[in-house]
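Scroll down for the structure; my scribbles are underneath it.
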Amino acid sequence: MEYGSDFRRLVAAVLEEMKRKEASRWWPYLQTLPHHGDWHPLLWSDEARTSRLPTWTVASKRLTERLRNCANDAHDFRSMGLGKDVKDVSGKNDDEWPSEADVRWASAICASRAFRLEFFDDDVFENFDETDARAFAVLERLSDVDEDVWGPGPSEDDFDTSVLVLVPWADGLNHSSDAEESSILRYDAGSATATLRAHKSYARGDQVFDSYGVHLSDVDVFLDFGFVVRNDQPFHVEFTGEEFVNETGEFVDSGFTQLESVILRIDPVNGVGENALMFADCFLAEAIEEHDIEQFALDVFKRMCENALKRFDKSIIEDCRKRILDVREGESMYGAVAASYLVVKEYDALKACTRLL
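With our numbering, letter number 65 in the sequence shown gets 77, and the count goes up by one each step, no holes.
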């Protein structure tokens, strides 16, 4: 059965195994996962989400898109008959399963706990016994957890030599932002095992950490893992290609598709990123003289930053600053505190970008 993107396949697999309960070989692990509370923004109530994150913020817009995908996935999974062969403990087959809440939970689990492993030796699959067959039939084509795979269809990162998996023993480790790329879980084809290399020397009894991944923004960490760590990393202001096009006015008749999926970033330290300028160059080439394109694009981005700033209510910013006042550098923030931190960082970044441009 085709479930679309690789991320959706893993979500579907988790849902089916949860429905199997004690009959699932993964039940001991599944029982250890958090099943209650709003530990992840995908699990927040509508009231909590709107009160914590203004709708125009980067985090809110990206979270809203993920929630929309969860609702669509729940509908699609029911239409495709996901889990129809699996009876629940009462013996009935629920036509309303999985619910949107079920899919939100499974998506939160996969976004926060899945690992991407690279496979370079197909021969290792020959040694798997029958109990492994069902899991790998679902997982053998899975890919990376990134923003692309939340959309419909295959991700550009989907290829036959990688797999997106939940690894119980690795899931038991805490993450560290210091670990970076050196402690990303990897697959060892020689021993057919997932291995983790230490990013530093550990003494007996020390806690071992793995990595969150590389090149993750505060919003990435928040949306994937459900929290954010206070740091001095620049906050990248984000606009969609659609927002840029709308701001250009009547200059261009766009031939681009899915502009809402194009992310254009502005660094408050270095300015407009190369990808954003390349997009502007391609988009405006038919309407503006080549030597004027870059300055025109910079003017558009500046107006977008100024307009975005106007949406922030000063009283909201003051409340958010008070909420994070006592949070120390390197400290993790959750829930309303994490949301306040992102609101403040975006506001400050917009002000810096406006001055820079």
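For every residue, glycine included, the Cβ atom is placed at its ideal position computed from N, Cα and C.
Owing to the predicted nature of the structure, the values given are computational and were not obtained by experimental measurement.
Can you tell me where the beta strand (DSSP E) holding residue i begins and where it ends?
{"i": "E250", "result": "V249 to T252"}
{"i": "S72", "result": "S72 -> not in any beta strand (DSSP E); alpha helix (DSSP H) instead, spanning V70 to M92."}
{"i": "S344", "result": "S344 to Y346"}
State buried or exposed for residue i, treating a residue as buried only when at least 16 other CB atoms are found within 10 Å of its CB.
{"i": "H47", "result": "exposed"}
{"i": "D141", "result": "With a pLDDT of 49 at D141, under the threshold of 50, the modelled position of this residue cannot be trusted, and the question is left open."}
{"i": "L27", "result": "buried"}
{"i": "L129", "result": "buried"}
{"i": "N81", "result": "buried"}
{"i": "R64", "result": "buried"}
{"i": "M30", "result": "buried"}
{"i": "A120", "result": "buried"}
{"i": "K326", "result": "exposed"}
{"i": "R340", "result": "exposed"}
{"i": "E8", "result": "This structure gives no information on residue 8, because the portion of the chain shown stretches from 13 to 369."}
{"i": "M290", "result": "exposed"}
{"i": "R323", "result": "exposed"}
{"i": "E358", "result": "buried"}
{"i": "R21", "result": "buried"}
{"i": "G93", "result": "exposed"}
Kindly indicate the opening and closing residues of the alpha helix (DSSP H) around residue i.
{"i": "V23", "result": "D18 to R32"}
{"i": "V241", "result": "Taken as a continuous stretch (DSSP letters only), V241 belongs to no alpha helix (DSSP H), being part of the beta strand (DSSP E) at F239 to V241."}
{"i": "W39", "result": "W39 to L42"}
{"i": "R116", "result": "E112 to R125"}
{"i": "A35", "result": "Per DSSP, A35 belongs to no alpha helix (DSSP H) and is neither H nor E."}
{"i": "T62", "result": "D58 to R64"}
Round the Cβ separation of residue i and residue j to the nearest angstrom and send it over; I've been treating them as touching at under 8 Å.
{"i": "V233", "j": "A118", "result": "The pair is not a contact, with the Cβ atoms about 20 Å apart (cut-off 8 Å)."}
{"i": "A126", "j": "L178", "result": "6 Å"}
Between the segment 336-351 and the segment 59-74, do at least 3 Cβ pairs fall closer than 8 Å?
Touching, per the Cβ criterion.
Sufficient close CB pairs (3 or more, under 8 Å) joining the segment 353-365 to the segment 304-321:
At 8 Å Cβ cutoff, the stretches touch.
Any chance the segment 27-41 sits against the segment 76-88, with 3 or more Cβ pairs inside 8 Å?
No, because fewer than three Cβ pairs between the segment 27-41 and the segment 76-88 fall closer than 8 Å, the two stretches do not touch.
Within the segment 261-341, note down every full alpha helix (DSSP H) run reaching 4 residues or more, in order along the chain.
As far as the segment 261-341 is concerned, its whole alpha helix (DSSP H) runs of at least 4 residues are 286-296, 302-322 and 326-335.
Three or more beta-carbon pairs under 8 Å between the segment 230-239 and the segment 287-303, yes or no?
Because the criterion of three Cβ pairs below 8 Å is not met, the segment 230-239 and the segment 287-303 do not touch.
Any chance the segment 271-283 sits against the segment 251-262, with 3 or more Cβ pairs inside 8 Å?
A contact between stretches requires three or more CB pairs, one per stretch, nearer than 8 Å, and the segment 271-283 meets this requirement with the segment 251-262.
Between the segment 334-342 and the segment 48-57, do three or more beta carbon pairs fall short of 8 Å?
No: the two stretches stay apart, fewer than three of their Cβ pairs being nearer than 8 Å.
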